[in-house]
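Enquirer: If you want my numbering, it's the 1-based position in the sequence shown plus 3.
We put the beta carbon where it would ideally sit given N, CA and C, even for glycine.
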Amino acid sequence: MTNDILIIARHGKPELSRKVRLNWKEYREWWLKYQISGLKKEQKVPKRLKKWAEKSDIVISSSLLRAQESATLASGRDPDFIYEGLIEAPLPSPYLGSIKIRPKSWGTWSRIVWYFGWSDGMESHKSARIRADNMSNILADHSKGGKIIYVSGHGWFNRMLKGSLKKQGWKCKSQNGDLHWSYRRFERQTQSLVKNGN
Numbered sequence: 004m005t006n007d008i009l010i011i012a013r014h015g016k017p018e019l020s021r022k023v024r025l026n027w028k029e030y031r032e033w034w035l036k037y038q039i040s041g042l043k044k045e046q047k048v049p050k051r052l053k054k055w056a057e058k059s060d061i062v063i064s065s066s067l068l069r070a071q072e073s074a075t076l077a078s079g080r081d082p083d084f085i086y087e088g089l090i091e092a093p094l095p096s097p098y099l100g101s102i103k104i105r106p107k108s109w110g111t112w113s114r115i116v117w118y119f120g121w122s123d124g125m126e127s128h129k130s131a132r133i134r135a136d137n138m139s140n141i142l143a144d145h146s147k148g149g150k151i152i153y154v155s156g157h158g159w160f161n162r163m164l165k166g167s168l169k170k171q172g173w174k175c176k177s178q179n180g181d182l183h184w185s186y187r188r189f190e191r192q193t194q195s196l197v198k199n200g201n
């Protein structure tokens, strides 16, 4: 039995330092810089992930630079397709006065308030969910016929894709968390074979 395969990976370590303390306004400025930053130099792709990426039939990336550079570093070639629809879900920092904390902590607080409905003019959780459903359909179409698809994306939005793909009948066969270079491998019986059997 032939399977369609999606390997959805998070990008590698970014070049922008997280070893800073910022207030909520400074964090928003930091986030804008993060969104256009590339990868930190001289890092290695985990062996298993690199092997999968190199064997993939199609390489797909988010339109953000760090994802594109990660796709190229992992697969050894430029992405075949680049989608703005794969970018990270926004992180609108809540107004917490003059308190200064690290970007990782801001990310946690921002994700919590965003998840529960506060987007402060940015893309809402509901809209991001619709985007994830749409992108899961696109990725599934690319994989038809037993193809291996490597996707270079972002931590939280990759989680959202997982939910959308599972609703379509994909099974998450393996995963290793949400850190940089983490991945989720999804499989389903190839759609072309299902259609031919009906």
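1) Assign ASN201 to buried or exposed, taking buried as 16 or more other Cβ atoms, counted over all protein chains shown, within 10 Å of its Cβ.
2) Closest to LEU76 by C-alpha separation, out of SER113, VAL48 and SER66, would be which residue?
3) Ordered along the chain, which non-local residues of its own chain (more than five positions away) have a Cβ less than 6 Å from that of SER101?
4) When the distance is taken between beta carbons, is SER73 closer than 9 Å to SER211?
5) Look at SER155 and SER64 and say whether their C-beta atoms are less than 9 Å apart.
6) Any idea what DSSP makes of ASP7, helix, strand or coil?
7) Give the straight-line distance between the Cα atoms of GLY110 and LEU94, rounded to the nearest whole angstrom.
8) Where DSSP assigns a beta bridge to GLN1, which residues make up the other side?
9) Report the rounded CA-to-CA distance for GLU190 versus LYS165, giving the unit in angstroms.
10) If contacts are defined as beta-carbon pairs under 8 Å, then ARG187 and GLN194 qualify, I think. What distance do you get, rounded to the angstrom?
11) State buried or exposed for LYS198, treating a residue as buried only when at least 16 other CB atoms are found within 10 Å of its CB.
12) In this structure, what does DSSP give as the bridge partners for ILE63?
13) Among the residues of its own chain, which have a CB less than 6 Å from the CB of SER108, if the five just before and after it don't count?
14) Are LEU19 and LYS44 closer than 9 Å when you measure CB to CB?
15) Assuming HIS157 contacts ILE90 (C-beta within less than 8 Å), just tell me the rounded distance between them.
16) Count the other CB atoms, across all protein chains shown, that sit within 10 Å of the CB of ARG13; report buried if there are 16 or more and exposed otherwise.
17) List, from N- to C-terminal side, the alpha helix (DSSP H) runs of 4 residues or more that fit wholly inside the stretch 34-59.
Expert: By the coordinates alone:
1) By 1-based counting over the sequence shown, the position of residue 201 is 198. Here ASN201 scores only 43 on pLDDT, less than 50, and its place in the model should not be relied on; the value that follows carries that caveat. Its Cβ having fewer than 16 others within 10 Å, ASN201 is exposed.
2) On the sequence shown, residue 76 is found 73 positions in, with the first residue counted as 1. Closest option to LEU76, Cα to Cα, is VAL48.
3) What you label residue 101 is simply residue 98 of the sequence shown in a count that begins at 1. So the list reads ASN26, once near-sequence residues are dropped.
4) In the structure as shown, the chain starts at 4 and stops at 201, and residue 211 therefore has no counterpart that could be examined.
5) Along the sequence shown, one-based indexing puts residue 155 at 152. Along the sequence shown, one-based indexing puts residue 64 at 61. Cβ atoms of SER155 and SER64: closer than 9 Å.
6) Looking up residue 7 in the sequence shown gives position 4. In this structure, ASP7 counts as strand in the three-state DSSP scheme.
7) For the purposes of this step, residue 110 is taken as residue 107 along the sequence shown, with counting starting at 1. For the purposes of this step, residue 94 is taken as residue 91 along the sequence shown, with counting starting at 1. Whole-angstrom Cα-Cα distance: 6 Å.
8) It is not possible to answer for residue 1, since the shown part of the chain is limited to 4 through 201.
9) If you number the sequence shown from 1, residue 190 lands on position 187. If you number the sequence shown from 1, residue 165 lands on position 162. Answer to the nearest angstrom: the Cα atoms are 12 Å apart.
10) As a first step, residue 187 must be located in the sequence shown, where it is residue number 184. As a first step, residue 194 must be located in the sequence shown, where it is residue number 191. The Cβ separation is near 20 Å, so there is no contact.
11) As a first step, residue 198 must be located in the sequence shown, where it is residue number 195. Residue confidence is low: LYS198 scores 47 on pLDDT, short of 50, so the model does not pin down where it sits. Its coordinate-derived value is still stated next. Looking at its Cβ environment, which holds fewer than 16 other Cβ atoms inside 10 Å, LYS198 is exposed.
12) Position 60 of the sequence shown holds residue 63. Looking at the DSSP assignment, ILE63 forms a beta bridge with PHE84 and VAL154.
13) As a position in the sequence shown, residue 108 is number 105, starting the count at 1. Around SER108: no qualifying Cβ.
14) Taking the first residue of the sequence shown as 1, we reach residue 19 at position 16. Taking the first residue of the sequence shown as 1, we reach residue 44 at position 41. No; because the gap between Cβ atoms is not below 9 Å, this pair is not in contact.
15) The sequence position of residue 157 within the sequence shown is 154, counting from 1. The sequence position of residue 90 within the sequence shown is 87, counting from 1. Correct: roughly 7 Å between the Cβ atoms.
16) Sequence index remark: in the sequence shown, residue 13 carries index 10 (1-based). Result: buried.
17) 50-58
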